[in-house]
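Q:
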Amino acid sequence: MEDKSSRRPLKVRSSTYAQRVAKWLSNKNITPNTISLLSVLFAACSAISLVLLPLSSGLLIWLLPLLAAICIQFRLLCNLFDGMVAVEGGKSTASGELFNDMPDRFADAFIIVAVGYAVPQFSYAIDIAWCAATLAIMTAYVRTLATSTGAPANFCGPMAKQHRMALLTFACLFTTIEPLFWQQGAVLYTSLLIISVGSFITLFKRAILAYQYLEGKRDV
20 MEDKSSRRPL KVRSSTYAQR VAKWLSNKNI TPNTISLLSV LFAACSAISL VLLPLSSGLL
80 IWLLPLLAAI CIQFRLLCNL FDGMVAVEGG KSTASGELFN DMPDRFADAF IIVAVGYAVP
140 QFSYAIDIAW CAATLAIMTA YVRTLATSTG APANFCGPMA KQHRMALLTF ACLFTTIEPL
200 FWQQGAVLYT SLLIISVGSF ITLFKRAILA YQYLEGKRDV
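Next up, the structure:
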């Protein structure tokens, strides 16, 4: 699935819970690539929940963003366990890197773009969402491009995948009670702006660090 040198550093991998779940999955007839594809399914469920939000009323205004947040977290769990099953579970495949990266790009796009369609009442929300999704994908592109040219894998922020998904999870959760304080959708709209700016800074930072490494001006 993925070699250890190119893995995103995550403390949660060493937790007893994660180790037990990864071991359980490794003993089942399931491949890391399948887990990677499941992350796209959860992302799509999150996206559908968000897109339906403007059409909802009553209890659904509370349930849909909650479901979106839950699906985002399941998407991240898939991202965690595909690598653990591959590396720690010894079930890596030759095509693992392909499955490790490509589904993530679709998952990012599904969720981020859907946020724009969830708040159409805000000016240029959909355009900003597409911009945010493009910039998010570009952060991964810069990382993989740098790695292919000899630089080490760099997962730095301020708006790496885990930061984007954490922000959107909290935004979705706050959306469930948002009508009590502000206009519906304000938090999701603000999250798009933050992701856009943060992703631009992230891709620029990764590009600079890769350049410095390749030119021999930086060790890491």
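Taking our numbering, the leading residue of the sequence shown gets 20, the next gets one more, and so forth.
Note that the Cβ used here is the ideal one computed from N, Cα and C, for glycine as well.
Tell me, to the nearest whole angstrom, how far the beta carbon of V132 is from that of L207; I am working on the premise that it is less than 8 Å.
A: Their Cβ separation, rounded to whole angstroms, is 12 Å, which puts V132 and L207 out of contact at 8 Å.
Q: Does the separation of the CB atoms of A165 and N173 fall below 9 Å?
A: Their beta carbons are under 9 Å apart, which means A165 touches N173 by this criterion.
Q: Across the segment 48-57 and the segment 106-122, are there enough close Cβ pairs to call them in contact, namely three or more that are closer than 8 Å?
A: With the cut-off at 8 Å, the segment 48-57 and the segment 106-122 touch.
Q: When you compare the CB positions of Y143 and L69, do they come within less than 9 Å of one another, or not?
A: No.
Q: Express the C-alpha separation of F118 and T188 in angstroms, rounding to a whole number.
A: Computed Cα separation, rounded: 24 Å.
Q: If you check the beta carbons only, do A13 and I91 fall under 9 Å apart?
A: Residue 13 falls outside the range modelled here, since the chain spans only 20 to 239, and no answer is possible.
Q: Please classify P84 as buried or exposed, where buried requires at least 16 neighbouring CB atoms within 10 angstroms.
A: Label assigned to P84: buried.
Q: Secondary structure at F141, three-state DSSP: helix, strand or coil?
A: In the structure shown, F141 sits in coil (DSSP, three-state: anything other than H, G, I, E or B).
Q: Ordered along the chain, which non-local residues of its own chain (more than five positions away) have a Cβ less than 6 Å from that of F193?
A: Excluding positions up to five away in sequence, the list reads V206.
Q: Distance check for S76 and K224, CA to CA, integer angstroms please.
A: Distance between the alpha carbons of K224 and S76 is about 42 Å.
Q: Threshold first: 4 residues or longer. Then list the alpha helix (DSSP H) segments lying entirely within the segment 26-59, N to C.
A: The qualifying runs are 35-45.
Q: Is the segment 146-161 touching the segment 215-223 in the sense that three or more CB pairs, one from each, lie closer than 8 Å?
A: These segments touch.
Q: Between the beta-carbon of S65 and the beta-carbon of R94, is there less than 9 Å?
A: It is a contact, given that the beta carbons lie within the stated cut-off.
Q: Can you grab the Cα-Cα spacing for the pair V59 / K30, in whole Å?
A: Taking the straight line joining both Cα atoms gives about 23 Å.
Q: Taking the alpha carbon of Q231 as the point to measure from, which residue in A148, G176 and P171 has its own alpha carbon closest?
A: Of the candidates A148, G176 and P171, the one whose C-alpha sits nearest the C-alpha of Q231 is P171.
Q: For P177, which three-state DSSP category applies?
A: In the structure shown, P177 sits in coil (DSSP, three-state: anything other than H, G, I, E or B).
Q: Please report the distance separating the alpha-carbon of L233 from that of I227.
A: Cα-Cα distance, rounded: 10 Å.
Q: Taking Cβ positions, are A159 and D123 nearer each other than 9 Å?
A: A contact, by the Cβ cut-off of 9 Å.
Q: Please tell me whether I80 and Q202 are closer than 9 Å, where the distance is taken between their beta carbons.
A: Contact flag unset, no.
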